[in-house]
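Undergrad: Take this structure, written in structure tokens, and hold onto it; I'll ask about it next.
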Amino acid sequence: GAVVSQHPSWVICKSGTSVKIECRSLDFQATTMFWYRQFPKQSLMLMATSNEGSKATYEQGVEKDKFLINHASLTLSTLTVTSAHPEDSSFYICSAPDGNYGYTFGSGTRLTVV
Amino acid sequence: GDSVTQMEGPVTLSEEAFLTINCTYTATGYPSLFWYVQYPGEGLQLLLKATKADDKGSNKGFEATYRKETTSFHLEKGSVQVSDSAVYFCALSPYSGNTPLVFGKGTRLSVIA
Numbered sequence: 083g084a085v086v087s088q089h090p091s092w093v094i095c096k097s098g099t100s101v102k103i104e105c106r107s108l109d110f111q112a113t114t115m116f117w118y119r120q121f122p123k124q125s126l127m128l129m130a131t132s133n134e135g136s137k138a139t140y141e142q143g144v145e146k147d148k149f150l151i152n153h154a155s156l157t158l159s160t161l162t163v164t165s166a167h168p169e170d171s172s173f174y175i176c177s178a179p180d181g182n183y184g185y186t187f188g189s190g191t192r193l194t195v196v
Numbered sequence: 147g148d149s150v151t152q153m154e155g156p157v158t159l160s161e162e163a164f165l166t167i168n169c170t171y172t173a174t175g176y177p178s179l180f181w182y183v184q185y186p187g188e189g190l191q192l193l194l195k196a197t198k199a200d201d202k203g204s205n206k207g208f209e210a211t212y213r214k215e216t217t218s219f220h221l222e223k224g225s226v227q228v229s230d231s232a233v234y235f236c237a238l239s240p241y242s243g244n245t246p247l248v249f250g251k252g253t254r255l256s257v258i259a
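Protein chains in written order, with this note's numbering: chain E, 83 to 196; chain V, 147 to 259.
The following block contains the structure:
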């Protein structure tokens, strides 16, 4: 079935640095990628929707300059957390429609900012 | 707007007990319905789905039926195992295509031996 590979699985970074999270669709073309953030013991919060070759659409309250999303190809979407702060620590998950009435999720990235 | 309501957890069951996690939805049109499972520290895995009324999704002993008349998609399993301990999310897709899923809040299930 459809697979989305998400890397890294976990990352620890210092405050003020930037971190890039990658999501690759391995056996299908992901024209759209959804990026979510999940706080402990909570549901997923949609951050933004990226479409290949165009600018991402951000949900209300999400800082587009802090969370840079790039979707340069049909198989790769990236989320860069810029100038990270401890409050950005969270679990980030990507998801793509797989063309079969379904959605495939990446395995998630645990970001810890120290 | 579209929304999903699922029963609050946590739910604690003994091994081999019967499981029901209620899920109801509000949507215009004819959404597709999903159950996803999340194990600790992992992403979401599709458990089952149904794309039209009266469809029954099933997988790994879990099943759910798309009930349009009651706008429900309750998850059931006849005999749970310790390995079923996870968080379960009910979700809907308003349209077939490139729209994000609408999630319920999730239900944490703990199965004890």
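All residues carry an ideal CB built from backbone N, CA and C; glycine is no exception. Bear in mind the structure is a predicted one, so any value in this text is a computation, not a measurement.
Out of V/250, V/258, V/257 and V/256, state which residue places its alpha-carbon closest to the alpha-carbon of residue 179 of chain V.
TA: Ranking the options by Cα distance to residue 179 of chain V, first place goes to V/250.
Undergrad: Should residue 150 of chain V go down as buried or exposed, given a rule of 16 or more other Cβ atoms within 10 Å for buried?
TA: Answer is buried; the Cβ neighbour count reaches 16.
Undergrad: Looking at C-beta atoms only, is the number of pairs between the region 137-156 of chain E and the region 164-176 of chain V that lie closer than 8 Å three or more?
TA: These segments do not touch.
Undergrad: Going straight from the alpha carbon of residue 214 of chain V to that of residue 239 of chain V, what length do you get?
TA: Their Cα atoms are separated by approximately 15 Å.
Undergrad: Can residue 227 of chain V be considered in contact with the ligand PLP, in the sense that its beta carbon sits closer than 7 Å to one or more heavy atoms?
TA: Ligands are entirely absent from the displayed structure, and the ligand PLP is therefore not among its contents.
Undergrad: Are the Cβ atoms of residue 144 of chain E and residue 166 of chain E separated by less than 8 Å?
TA: Going by C-beta atoms, residue 144 of chain E is not nearer than 8 Å to residue 166 of chain E.
Undergrad: Please check the pair residue 191 of chain E and residue 93 of chain E, which I expect to be a contact at CB under 8 Å, by giving their CB distance rounded to whole angstroms.
TA: With a Cβ gap of about 7 Å, residue 191 of chain E and residue 93 of chain E count as contacting.
Undergrad: Output needed in chain order: residues of the region 188-204 of chain V with a Cβ under 9 Å from some Cβ in chain E.
TA: Here the close residues are 188, 189, 190, 191, 192, 195 and 197.
Undergrad: Fully enclosed by the region 203-233 of chain V, which beta strand (DSSP E) runs are 3 residues long or longer?
TA: Complete beta strand (DSSP E) runs here, min 3: 208-211 and 221-223.
Undergrad: Hey, residue 207 of chain V and residue 223 of chain V are a contact pair by Cβ (cut 8 Å); roughly how many whole angstroms apart?
TA: With 8 Å as the limit, residue 207 of chain V and residue 223 of chain V qualify as a contact, their Cβ atoms being about 5 Å apart.
Undergrad: Per DSSP, residue 191 of chain V is paired with what?
TA: In the DSSP output, where bridge partners are listed per residue, residue 191 of chain V has V/183.
Undergrad: Can you confirm whether residue 98 of chain E, when its beta carbon is compared against all beta carbons of chain V, has any partner nearer than 8 Å?
TA: No, residue 98 of chain E does not count as interfacial toward chain V.
Undergrad: Any beta carbon of chain V sitting closer than 8 Å to that of residue 125 of chain E?
TA: Yes - at least one Cβ of chain V is within 8 Å of the one on residue 125 of chain E.
Undergrad: Please specify which runs of the beta strand (DSSP E), each continuous and at least 3 residues long, are wholly inside the region 151-180 of chain E, giving them in chain order.
TA: Counting whole runs of 3 or more residues, the region 151-180 of chain E contains the beta strand (DSSP E) stretches 158-163 and 172-179.
Undergrad: CB-CB under 6 Å to residue 184 of chain E, same chain, minus the five flanking residues each way: which ones, in chain order?
TA: Closer than 6 Å at the Cβ level, and outside the excluded window around residue 184 of chain E, lies no residue.
Undergrad: Can you check the region 105-152 of chain E for any alpha helix (DSSP H) of at least 4 residues that lies completely inside it and give the ranges in chain order?
TA: Runs of the alpha helix (DSSP H) inside the region 105-152 of chain E: none found.
Undergrad: From residue 171 of chain E to residue 216 of chain V, what distance separates their C-alpha atoms?
TA: If you take the alpha carbons of residue 171 of chain E and residue 216 of chain V, they lie about 39 Å apart.
Undergrad: On a Cα-Cα basis, can you pick out the residue from E/130, E/106, E/99 and E/175 that is closest to residue 159 of chain E?
TA: It is E/106.
Undergrad: Would DSSP call residue 196 of chain V helix, strand or coil?
TA: If DSSP states are grouped into helix, strand and coil, residue 196 of chain V belongs with the strands.
Undergrad: Between residue 177 of chain V and chain E, is there a C-beta pair that is closer than 8 Å?
TA: No, residue 177 of chain V does not count as interfacial toward chain E.
Undergrad: Can you tell me whether residue 103 of chain E is buried or exposed, with buried defined as 16 or more other CB within 10 angstroms of its CB?
TA: Flag for residue 103 of chain E reads buried.
Undergrad: Verify the CB distance criterion: does residue 255 of chain V have a CB-CB separation below 8 Å to chain E?
TA: No, no contact with chain E.
Undergrad: Out of curiosity, what's the CA-to-CA distance linking residue 113 of chain V and residue 96 of chain E?
TA: Within the shown structure, residues of chain V are numbered from 147 to 259, placing residue 113 of chain V beyond reach of any answer.
Undergrad: Across which residues does DSSP place residue 102 of chain E in a beta bridge pair?
TA: Answer by DSSP bridge pairing, in chain order: E/162.
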